[in-house]
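J.: From first to last, the protein sequence lines are chains A and B. Residue 1013 in my numbering sits at position 184 of the first sequence; the count goes up by one each step and never skips. Residue 896 in my numbering sits at position 67 of the second sequence; the count goes up by one each step and never skips. The structure under discussion is supplied below as structure tokens; questions concerning it will follow.
2 protein chains.
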Amino acid sequence: MMTASREPEQVIRVLYEFPKGVDPERQGKLLALGQTVGSLVPGMAAQIADYQGLLDSVDALPDGRGQAWVRYPAHNVSGDLGSLLVMILGKYSLAGPAKIRKLELPTAYGTRGRWGFDGIARLTGVTGRPLFMGIFKPALGLSPDDLACILRDVGEAGLDLIKDDEILPDTPASTALSRIKACRPVLEEIERTQKRTMLYAVTLSGRADKLLDSARRLREAGANAYLLSPFAYGFSIMEALASHPDTNLPIFAHPAMAGALGGSPDYGFDMSVLLGTLMVHGGADAVLYPTNAGNLPISSDTETRIRETLSQAGLAPVPSAGVHPGALPRFLPDRNTRIILNAGTGIMDHPQGPAAGVRAFHEAWLRWGEEEPFSPESLPEGPLKAAVLKWGH
Amino acid sequence: MMTASREPEQVIRVLYEFPKGVDPERQGKLLALGQTVGSLVPGMAAQIADYQGLLDSVDALPDGRGQAWVRYPAHNVSGDLGSLLVMILGKYSLAGPAKIRKLELPTAYGTRGRWGFDGIARLTGVTGRPLFMGIFKPALGLSPDDLACILRDVGEAGLDLIKDDEILPDTPASTALSRIKACRPVLEEIERTQKRTMLYAVTLSGRADKLLDSARRLREAGANAYLLSPFAYGFSIMEALASHPDTNLPIFAHPAMAGALGGSPDYGFDMSVLLGTLMVHGGADAVLYPTNAGNLPISSDTETRIRETLSQAGLAPVPSAGVHPGALPRFLPDRNTRIILNAGTGIMDHPQGPAAGVRAFHEAWLRWGEEEPFSPESLPEGPLKAAVLKWGH
Chain A
830 MMTASREPEQ VIRVLYEFPK GVDPERQGKL LALGQTVGSL VPGMAAQIAD
880 YQGLLDSVDA LPDGRGQAWV RYPAHNVSGD LGSLLVMILG KYSLAGPAKI
930 RKLELPTAYG TRGRWGFDGI ARLTGVTGRP LFMGIFKPAL GLSPDDLACI
980 LRDVGEAGLD LIKDDEILPD TPASTALSRI KACRPVLEEI ERTQKRTMLY
1030 AVTLSGRADK LLDSARRLRE AGANAYLLSP FAYGFSIMEA LASHPDTNLP
1080 IFAHPAMAGA LGGSPDYGFD MSVLLGTLMV HGGADAVLYP TNAGNLPISS
1130 DTETRIRETL SQAGLAPVPS AGVHPGALPR FLPDRNTRII LNAGTGIMDH
1180 PQGPAAGVRA FHEAWLRWGE EEPFSPESLP EGPLKAAVLK WGH
Chain B
830 MMTASREPEQ VIRVLYEFPK GVDPERQGKL LALGQTVGSL VPGMAAQIAD
880 YQGLLDSVDA LPDGRGQAWV RYPAHNVSGD LGSLLVMILG KYSLAGPAKI
930 RKLELPTAYG TRGRWGFDGI ARLTGVTGRP LFMGIFKPAL GLSPDDLACI
980 LRDVGEAGLD LIKDDEILPD TPASTALSRI KACRPVLEEI ERTQKRTMLY
1030 AVTLSGRADK LLDSARRLRE AGANAYLLSP FAYGFSIMEA LASHPDTNLP
1080 IFAHPAMAGA LGGSPDYGFD MSVLLGTLMV HGGADAVLYP TNAGNLPISS
1130 DTETRIRETL SQAGLAPVPS AGVHPGALPR FLPDRNTRII LNAGTGIMDH
1180 PQGPAAGVRA FHEAWLRWGE EEPFSPESLP EGPLKAAVLK WGH
């Protein structure tokens, strides 16, 4: 068949998994045909052959589930994630259970982030340690001036990055622009006094044209990073942000809604495809995901696959959700320095205040480097001990 | 609690369903808090009270599953579907199974389509019968000139609308613009000779900024309808298309990927939310969905809820997938005339050719109006009989 001879750069390969009782060969063939030329029209075989998908192989898993590798010609789609998703799952998703376990794309497919981990680290000037990121809390109800106060506090204490909560969009009481206008002087003050750049990833929201306009205006007003939830807004938005010269800032991608697409064992996508592969080819620079050592249910294996997919492509992995200072050895067992550790309440709800939360992370990193224990009785008085007494280690 | 006194127009209500063994009260409270203010910060109760969600009620279903109604202040989000999805499911989707069964929005929330069923029917000039829509097949491999030939054929036979397959994006061999340029003369010929407007919904694809530019250029080149897959491209795109004066054409929304978000019993959304509520508030004019009488698995109850949600809001329901002429009485048991019947192979693969496929639909509608039987032996020779002999009735 024609696709057998294609170069890898021209082929998109997808591993589908089906529940017990579903014939993977039959479904794989249906996908290869139905998601490409649609139907085999008599007399048109030659004309459509170049567009037809191909079932590569099938496999039966020990638990009775089945898998099928299907390959598609890359010229069937238009180099974006939207047409890719329509092809690889699209209409078929309505036909019955199928979960995409793996997705292999040509290296240059889609849109690649312009910053990645190295670009973000270079901006902040941090070397030799993980970056520490905070989240403004509570998510809603703080005025832009409240945020500026918190920013000064955690900035003086040495926080590298901060972000809005993803559930803080443009609201009547707090537009992204009003937040940047209130916080920009503080970022400049940190730049001046500490000779370093602190990044603030501001939440983008709104319909596509307004969101993209807003992103441009935010950058003009001094924003230095974006936060976007691509599963809620669409990868097409992230691709546009990551391509246009007027929005050339690091993009932090939030996993909001990923569970709706990846939580089921039978439908949607493996989390490593959602938070790994699609992010790499969809323009993200840094990707937030739940960490197994945190407070959301994710397996260590899944976390590893997400992190490795991101790291191998040069993106910044951002383990999140339940991150607190005392457990730093569990969050970074390998002392990975090419990572951004993201803590919300783990900084903002520190018993001695947010600045102490930041100091506790720095203290924890140094202590972990010296292989000192984290038990409360072994810790000197200070921010880390207070954190461990509140959240454990 | 503050939200108890809100006007309905200020409140967003969501019915969540949880699997057996999950406590709906606990999860409902977690959602009301975690998806709004995030955490209860001591001393800030007054400041954040106005943003906090509220658990309205819980219910236990006979099968052991649980439900919870949660209400959120509408001013927590920015009037678009992106921030709405982040709030009502977003991060919580990673916490465990939860399926949104119902979504109640303020009437004016979001973006409403500018055309709806009435606008589309007015454009085509059809009254007193359902509209008939075809799909170019095979989906890939036809040149723009091939499409123009097919268009002339089905247009002369009286087809009201046609669309690209959703899996035909901009490809090197067939851009949307090349298709419109090839087909526009045929549409004008139909306008001239038949004194009616035939609509051709062309597939939009690409990253957000390019897609929106392309939509504008397509309209300038004579496109008269758009086809978009909002679950793959993002509702933010559809909202932009439905708002901007330069893209003021009927939007046909395709359900590609809806199964990934709605197929699982435990995760994501009810199909009537995906293909009903979100479409109504996301700017669609016409919505394709699988019909229970077709070849994809969907319950009659679900189809009814989708169709009624769309119809009540003035949108055009477009039952699809496995639609063929002989089964018209099953597709339209109530002789609904405010609907668009969409057939792909049911027209294009008619044994006497696509034009006969179109004629078979018209013949079927007349016959169904006269309550004549559809059994092959009762049918006169002609397109309908040929269709029934091939696909049944």
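All C-beta atoms, glycine included, are put in the ideal place defined by N, C-alpha and C. Here the structure is a predicted model, which means the values were calculated and not measured.
Which bits of chain B does Asp994/A rub up against, with CB to CB less than 8 Å?
T.: To locate residue 994/A, count along the first sequence from 1; it is residue 165. Correct list: Gly867.
J.: Between Pro998/A and Val906/B, which are expected to be in contact by the criterion C-beta below 8 Å, what is the C-beta distance as a whole number of angstroms?
T.: As a working mapping, residue 998/A is identified with position 169 in the first sequence. As a working mapping, residue 906/B is identified with position 77 in the second sequence. Indeed, because the Cβ distance is near 6 Å, the residues count as touching under 8 Å.
J.: Taking the C-alpha atoms as reference points, what is the distance between Tyr901/A and Gly1211/A?
T.: Position 72 of the first sequence, counted from the start, is the residue given in the question as residue 901/A. Position 382 of the first sequence, counted from the start, is the residue given in the question as residue 1211/A. Distance between the alpha carbons of Tyr901/A and Gly1211/A: 58 Å.
J.: Below 7 Å CB to CB, which residues in the same chain sit around Thr1131/B once its five sequence neighbours on both sides are set aside?
T.: Here the question's residue 1131/B lines up with position 302 in the second sequence. Taken in chain order, the residues that qualify are Met1100 and Ser1101.
J.: Are the beta-carbon atoms of Ala1071/B and Gly942/B separated by less than 8 Å?
T.: The residue you call residue 1071/B lines up with position 242 of the second sequence. The residue you call residue 942/B lines up with position 113 of the second sequence. Taking 8 Å as the Cβ cut-off, Ala1071/B and Gly942/B qualify as a contacting pair.
J.: Just verifying my parser: in three-state terms, what is the DSSP assignment at Leu1139/A?
T.: Stepping through the first sequence from its first residue, residue 1139/A is reached at position 310. Note: Leu1139/A maps to helix in three-state DSSP.
J.: Could one say the Cβ of Ser1003/A lies closer than 8 Å to chain B's Cβ atoms, at least one of them?
T.: Within the first sequence, numbered from 1, the residue matching residue 1003/A stands at position 174. So no, Ser1003/A is outside the interface.
J.: Looking at Gly939/A and Ser1225/A, is the spacing between their C-beta atoms short of 8 Å?
T.: The structure shown does not extend to residue 1225/A, since chain A is modelled only from 830 through 1222, so no value can be given for it.
J.: Could you name the residues of chain A that Thr1000/B contacts, counting a contact when the two beta carbons are closer than 9 Å?
T.: In the second sequence, residue 1000/B corresponds to position 171, counting from 1. Within 9 Å Cβ-Cβ: Tyr880, His904, Asn905, Val906, Ser907 and Ser912.
J.: With a threshold of 8 Å between beta carbons, is Met1108/A in contact with chain B?
T.: Start at 1 with the first residue of the first sequence, and residue 1108/A comes out as number 279. Judged by the 8 Å Cβ criterion, Met1108/A is not in contact with chain B.
J.: What residues from the stretch 913-932 of chain B come within 7 Å of chain A, judged by C-beta to C-beta, listed N to C?
T.: Listed in sequence order: Leu914, Val915, Met916, Leu918, Gly919, Lys920, Ser922, Leu923, Ala924, Gly925 and Pro926.
J.: Using the three-state DSSP reduction, which class does Ala1189/A fall into: helix, strand or coil?
T.: Taking the first residue of the first sequence as 1, we reach residue 1189/A at position 360. Helix, per DSSP.
J.: List the whole-angstrom C-beta distance separating Thr1106/B from Thr1138/B, where the pair is believed to meet the contact cut-off of C-beta under 8 Å.
T.: Sequence index remark: in the second sequence, residue 1106/B carries index 277 (1-based). Sequence index remark: in the second sequence, residue 1138/B carries index 309 (1-based). Indeed, because the Cβ distance is near 6 Å, the residues count as touching under 8 Å.
J.: Pull up the distance between the alpha-carbon of Val1015/B and that of Val1109/A, whole angstroms please.
T.: By one-based count along the second sequence, residue 1015/B stands at place 186. By one-based count along the first sequence, residue 1109/A stands at place 280. Between Val1015/B and Val1109/A, the C-alpha separation is close to 42 Å.
J.: How big is the Cα-Cα spacing for Ala1085/A and Pro1183/B?
T.: Reading the first sequence from its first residue, position 256 is the one you call residue 1085/A. Reading the second sequence from its first residue, position 354 is the one you call residue 1183/B. Distance between the alpha carbons of Ala1085/A and Pro1183/B: 45 Å.
J.: Inspect the beta-carbon positions of Leu853/B and Gln896/B and report whether they are closer than 8 Å.
T.: The count along the second sequence starts at 1 and reaches residue 853/B at position 24. The count along the second sequence starts at 1 and reaches residue 896/B at position 67. Per the sequence presented here, residue 853/B reads as Pro, with Leu not at that position. A contact, by the Cβ cut-off of 8 Å.
J.: Which residue comes first and which comes last in the beta strand (DSSP E) that contains Val843/B?
T.: Taking the second sequence and counting its residues from 1, one reaches residue 843/B at position 14. Looking at the DSSP string, the run of the beta strand (DSSP E) that includes Val843/B is Val840 to Phe847.
J.: Using a Cβ-Cβ cut-off of less than 7 Å, give me the residues of the stretch 950-974 of chain B that come near chain A, in sequence order.
T.: Residues passing the 7 Å Cβ filter: Lys966, Pro967, Ala968, Leu969 and Gly970.
J.: When the Cβ atoms of the stretch 1013-1027 of chain A are set against those of the stretch 1193-1207 of chain A, are three or more pairs found closer than 8 Å?
T.: No: fewer than three Cβ pairs fall under 8 Å.
J.: For the stretch 1073-1092 of chain B, which residues have a beta carbon sitting closer than 7 Å to at least one beta carbon of chain A?
T.: If the cut-off is 7 Å between Cβ atoms, the stretch 1073-1092 of chain B has His1073, Pro1084, Ala1085, Met1086, Ala1087, Gly1088, Ala1089, Leu1090 and Gly1092 near chain A.
J.: Out of curiosity, what's the CA-to-CA distance linking Ile996/B and Val915/B?
T.: Sequence index remark: in the second sequence, residue 996/B carries index 167 (1-based). Sequence index remark: in the second sequence, residue 915/B carries index 86 (1-based). Answer to the nearest angstrom: the Cα atoms are 28 Å apart.
J.: Can you name the start and end residues of the beta strand (DSSP E) that Lys931/B belongs to?
T.: Position 102 of the second sequence holds residue 931/B. It spans Ala927 to Glu933 - the beta strand (DSSP E) in which Lys931/B sits, taken as one unbroken run.
J.: Quick check on DSSP: helix, strand or coil for Tyr901/B?
T.: Here residue 901/B corresponds to residue number 72 of the second sequence, with the count starting at 1. Strand, per DSSP.
J.: Sort out for me which residues DSSP pairs Ala1050/A with in a bridge.
T.: Here residue 1050/A corresponds to residue number 221 of the first sequence, with the count starting at 1. According to DSSP, Ala1050/A bridges with nothing at all.
J.: Please go through the same chain and pick out, in chain order, the residues whose beta-carbon is closer than 8 Å to the beta-carbon of Phe1060/A, but skip the five residues on each side of it.
T.: For the purposes of this step, residue 1060/A is identified with residue 231 of the first sequence, where counting begins at 1. Once the five neighbours on either side are set aside, the close Cβ partners of Phe1060/A are Pro1084, Ala1085, Met1086, Ala1087, Ala1089, Leu1090 and Leu1103.
J.: So, for Met831/A: in the same chain, excluding its five sequence neighbours on each side, which residues have a beta-carbon less than 7 Å away from its beta-carbon?
T.: Here residue 831/A corresponds to residue number 2 of the first sequence, with the count starting at 1. Reliability of the predicted coordinates at Met831/A is poor, the pLDDT of 41 falling under 50, and the value obtained from them is presented with this limitation in mind. Within the same chain, Met831/A has close Cβ partners Ala878 and Asp879.
J.: For a minimum of 3 consecutive residues, which ranges assigned as the beta strand (DSSP E) are wholly contained in the stretch 1066-1129 of chain B?
T.: The stretch 1066-1129 of chain B contains these whole beta strand (DSSP E) runs: 1080-1082, 1096-1098 and 1115-1119.
J.: Between which two residues does the beta strand (DSSP E) harbouring Phe961/A extend?
T.: As a first step, residue 961/A is located in the first sequence; it is residue number 132 there, counting from the start. It spans Leu960 to Ile964 - the beta strand (DSSP E) in which Phe961/A sits, taken as one unbroken run.
J.: Would you kindly work out how many angstroms separate the C-alpha atoms of Arg1136/A and Ala950/A, rounded to a whole number?
T.: Mapped onto the first sequence, residue 1136/A falls at position 307. Mapped onto the first sequence, residue 950/A falls at position 121. The straight-line gap from Cα to Cα measures roughly 17 Å.
J.: Name the two residues that bound the continuous beta strand (DSSP E) containing Leu883/A.
T.: What you label residue 883/A is simply residue 54 of the first sequence in a count that begins at 1. That run of the beta strand (DSSP E) goes Leu883 to Ala889.
J.: Measuring CB atoms only, is the stretch 976-985 of chain B touching the stretch 1150-1164 of chain B, in the sense that at least three cross pairs come out at less than 8 Å?
T.: Because the criterion of three Cβ pairs below 8 Å is not met, the stretch 976-985 of chain B and the stretch 1150-1164 of chain B do not touch.
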